[in-house]
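Residue numbers (the working numbering), protein chains in the order written: chain A, 1020 to 1331; chain Z, 9 to 304.
Structure representation (structure tokens):
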């Protein structure tokens, strides 16, 4: 079990060793986002901008214009939310080589409550042209995503979490930007998931197997640009989709999949996520239950789409 | 009558050889600024869209930058050792565009395509398409942050180039400006020189009445900047202020330039109404007359 933010902190320091153009900015949360690891190693390349996210993003854009590769961190709601327009105008519109990598995305932020739980960031980042949007599943996925972001020329948004999560991928996992991963083959229906919900889907597929239901699990790390091929194939071969994300059902992965399939191969689909509500204080595990984001909830959703499929 | 010419760039710097021409003297700069004002009104008249008042109030400063102060090479817009300029008040794009054209960054004919579909001369500066434009601006309040970032990056690379940023006074109403204003002295950015084109007017009227930002100098001083106050249309004062700024160590410099919106054409002067309005035929003719065109 390892938190994606811990993997980020380590990977950033490693990349910083390999490439002297990498610089890091934070908004007084480096202890939480783990940019502090890089900061300790390369203090002259770390810029704490204080509690001023808009300026932080603009400063990163300026550093990119001067040839640097800035990684920018804070909590997801403040990065994507507060500095949304700065990301749009100063980073995406000029195609500045800035990597926005916040942590503490989703409801599992826990006790801090709704003000700190971003359920909208994937949607609002996805809507920006020139933006690549990634939500890794675990530590290995995160390491790959961060390396891919550094190598990619242009704006990237990577959403990480707060808590330790189980490993979904082996340590030598090869991350490919823009490509989904089939983690479990199946024929009756497909889970298309991102972030922490991929591990939940793997558990759900085990539960379904016991009931004789064959569930495919596809992890989508890169939500934009979406791996349309793997999704189309799953729709054609299984005929029933359940998407899941630690995010609103409005505008995130579920919407992206529904948009694509709606135009190319209308398929029975159910979006599992937060239903147009804010988060709330509680323990992470409790909140997953509260917002119906557990493997059991995924099993129920799978049965729902299967019933519809069989009724046709 | 002004004739459009495709002239060879009279660049002061050759990025491979170093300085090749002397800095332009004050008289020449004043002439430049007059010619650039003519370009501005002609360009805006052609496009029938754009920001007249704020372009005319900024042009003396911008002329002084590109023909005297900045180390830059129009034939090598990506020269690593160039000074950088951020037009944070991006709506004054016409002032920047005519200056870049005059300096030789792109053909002057391009000016006739300002704001047209497919033109690289976008409504607000777009670094993706226009040589010489460093960053995208237009949404007010974001340029100083970017200038800070450039200054930080250049210092990391031990370069002695400088960064200049021009804001409007209405723009100071944006909170992000003050985040950046806090950060620049905190990071001791003495390779940064910012300016405020303080023409006292914004779209809905007087800055003081809409949302008062004055006293500007006191604010920047309190934030830790070295502050200079000048008449933004006094070329000698502009040039001297740039010289003084270069001597300040350990903190950034803010030049608060008192200006006149629409400066150069009495009909446009001191008027909020010419903020985002381009001159019509009559207004153009009057402008050209005031700028001394028909005396040639």
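Every residue gets a Cβ at the ideal spot worked out from N, C-alpha and C, and that includes glycine.
Membership of residue 1217 (chain A) in the alpha helix (DSSP H) is indicated by the continuous run 1216-1229. If you draw a straight line from the Cα of residue 1227 (chain A) to the Cα of residue 1240 (chain A), it is about 23 Å long. Per DSSP, the unbroken alpha helix (DSSP H) holding residue 69 (chain Z) starts and ends at 60-72. Ranked by how close their Cα comes to the Cα of residue 225 (chain Z), the residues Z:62, Z:180 and Z:103 have Z:180 in first place.
Beta-bridge partners of residue 1262 (chain A) (DSSP): A:1211 and A:1290.
Under the rule that a run must span 3 or more residues, the beta strand (DSSP E) segments found entirely inside the region 163-222 of chain Z read 171-176 and 200-206. Scanning chain A for C-beta atoms nearer than 7 Å to the C-beta of residue 181 (chain Z) yields nothing, as the closest lies near 14 Å away. Residue environment: residue 1195 (chain A) is assigned as exposed (fewer than 16 neighbouring CB atoms within 10 Å of its CB, all protein chains considered). The continuous beta strand (DSSP E) containing residue 1042 (chain A) extends over residues 1041-1045.
Secondary structure note for residue 226 (chain Z): its alpha helix (DSSP H) is the uninterrupted segment 224-231.
Annotation for residue 1090 (chain A): no alpha helix (DSSP H) segment contains it, though the beta strand (DSSP E) segment containing it runs 1088-1092. Of A:1207, A:1206, A:1054 and A:1251, the smallest CA-CA separation from residue 1024 (chain A) is found for A:1054. Interface annotation, residue 162 (chain Z): in contact with chain A, CB-CB separation under 8 Å.
Closest by C-alpha distance to residue 141 (chain Z), out of Z:214, Z:168 and Z:108, is Z:108. With 16 or more other Cβ atoms from the protein chains shown falling within 10 Å of its own Cβ, residue 1205 (chain A) counts as buried.
Residues of the same chain with a CB within less than 6 Å of the CB of residue 137 (chain Z), apart from the 5 flanking positions on each side, are 128 in chain order. In the structure shown, residue 1034 (chain A) falls within a helical segment according to DSSP collapsed to helix, strand and coil. Rounded to the nearest angstrom, the Cβ distance from residue 1183 (chain A) to residue 1302 (chain A) is 14 Å, too far for a contact under 8 Å. Below the 7 Å Cβ cutoff, chain A contributes 1113 and 1114 as neighbours of residue 136 (chain Z), in chain order. Residue nearest to residue 1044 (chain A) within the set Z:90, Z:157 and Z:293 is Z:157 (criterion: CA-CA distance).
The region 79-87 of chain Z and the region 148-166 of chain Z do not touch, with fewer than 3 CB-CB distances between them shorter than 8 Å. No Cβ of chain Z is located within less than 8 Å of the beta carbon of residue 1094 (chain A). Per DSSP, the beta-bridge partners of residue 265 (chain Z) are Z:205 and Z:238.
Runs of the alpha helix (DSSP H) lying entirely within the region 1089-1171 of chain A, each at least 4 residues long, are 1140-1145 and 1158-1170 in chain order. Taking CB atoms only, residue 1036 (chain A) has no neighbour in chain Z less than 8 Å away. Near chain Z, meaning a CB-to-CB distance below 7 Å, the residues of the region 1067-1086 of chain A are 1068, 1071, 1073, 1074, 1077, 1078, 1079, 1080, 1081, 1082, 1084, 1085 and 1086. Annotation for residue 1061 (chain A): 1035 place their beta carbon closer than 6 Å to its own, counting only its chain and skipping 5 residues before and after.
The Cβ-Cβ distance between residue 96 (chain Z) and residue 175 (chain Z) falls below 8 Å. Annotated as distal: residue 1179 (chain A) and residue 1151 (chain A), with beta-carbon spacing of 8 Å or more. One finds 164 in chain Z with Cβ atoms closer than 8 Å to the Cβ of residue 1063 (chain A), taken in chain order. Residue pairing for residue 1022 (chain A): DSSP places it in a beta bridge opposite A:1183. Annotation for residue 1059 (chain A): the continuous alpha helix (DSSP H) segment containing it runs 1054-1060. Looking at A:1251, A:1170, A:1173 and A:1188, the one whose alpha-carbon comes closest to that of residue 1285 (chain A) is A:1251.
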